[in-house]
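Student:
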Amino acid sequence: MKKEIIFGLILICIFAATFVNISILEKITQELTELVDESLRSVESGDWENAEKKAEEAEKLWEKADPYTHIFVRHSEIDSTTDALYDFAKALYSREAGEARGAHKALSAHISSIVGMEKVTLGSIF
92 MKKEIIFGLI LICIFAATFV NISILEKITQ ELTELVDESL RSVESGDWEN
142 AEKKAEEAEK LWEKADPYTH IFVRHSEIDS TTDALYDFAK ALYSREAGEA
192 RGAHKALSAH ISSIVGMEKV TLGSIF
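Now the structure itself:
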């Protein structure tokens with residue numbers, strides 16, 4: 092009976108840790124999304140300097156989250172999101188509004204997929 096109770100407690104801890112992980116990832120991705128969305132709004136208004144500044148803030152936030160993401164996020168997702176982030180910055184530095192819009196869409200998709208993959212659904216359980 093002791094083994095079953097210990098096993099049950101371990102399962103509860105794993106389940107709780109999953110929700111903590113999702114909460115942390117949601118916070119990181121929400122902040123990233125806000126920064127890149129603000130950057131794109133600056134592009135739309137012609138304020139390239141602010142657009143670059145917000146993209147650089149997003150890069151710093153992503154780098155700051157590195158110790159956490161490298162433990163809890165798939166490396167392929169980290170790599171693709173990092174590439175998309177730098178593609179967005181490249182579009183901003185080249186002052187190409189159309190390219191920036193497209194890079195923003197790709198980056199936003201990568202950011203939202205990070206949390207989407209971690210969320211607990213019936214499909215992910217069974």
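Quick note: the sequence shown uses this note's numbering, first residue 92, plus one each step.
Where is the CB? At the ideal position from N, CA and C, for every residue including glycine.
Given this structure, state the Cα-to-Cα distance separating serine 199 from glutamate 122, to the nearest angstrom.
Tutor: Spanning the two alpha carbons is a distance of roughly 12 Å.
Student: Quick check on DSSP: helix, strand or coil for methionine 92?
Tutor: Of the three classes helix, strand and coil, the one that applies to methionine 92 here is coil, per DSSP.
Student: Quick test of the definition: if touching needs 3 or more C-beta pairs under 8 Å, does the stretch 175-187 touch the stretch 126-144?
Tutor: The stretch 175-187 vs the stretch 126-144: in contact.
Student: Cβ of threonine 172 within 8 Å of Cβ of isoleucine 202?
Tutor: Against a cut-off of 8 Å, the Cβ pair of isoleucine 202 and threonine 172 comes out as a contact.
Student: Between which two residues does the alpha helix (DSSP H) harbouring alanine 156 extend?
Tutor: From DSSP, alanine 156 is part of no alpha helix (DSSP H); its letter is neither H nor E.
Student: In chain order, what residues of the same chain have a beta carbon less than 7 Å from the beta carbon of arginine 186, not counting five sequence neighbours either side?
Tutor: Once the five neighbours on either side are set aside, the close Cβ partners of arginine 186 are Trp139.
Student: Using the three-state DSSP reduction, which class does glycine 137 fall into: helix, strand or coil?
Tutor: Three-state DSSP puts glycine 137 in coil, outside helix and strand.
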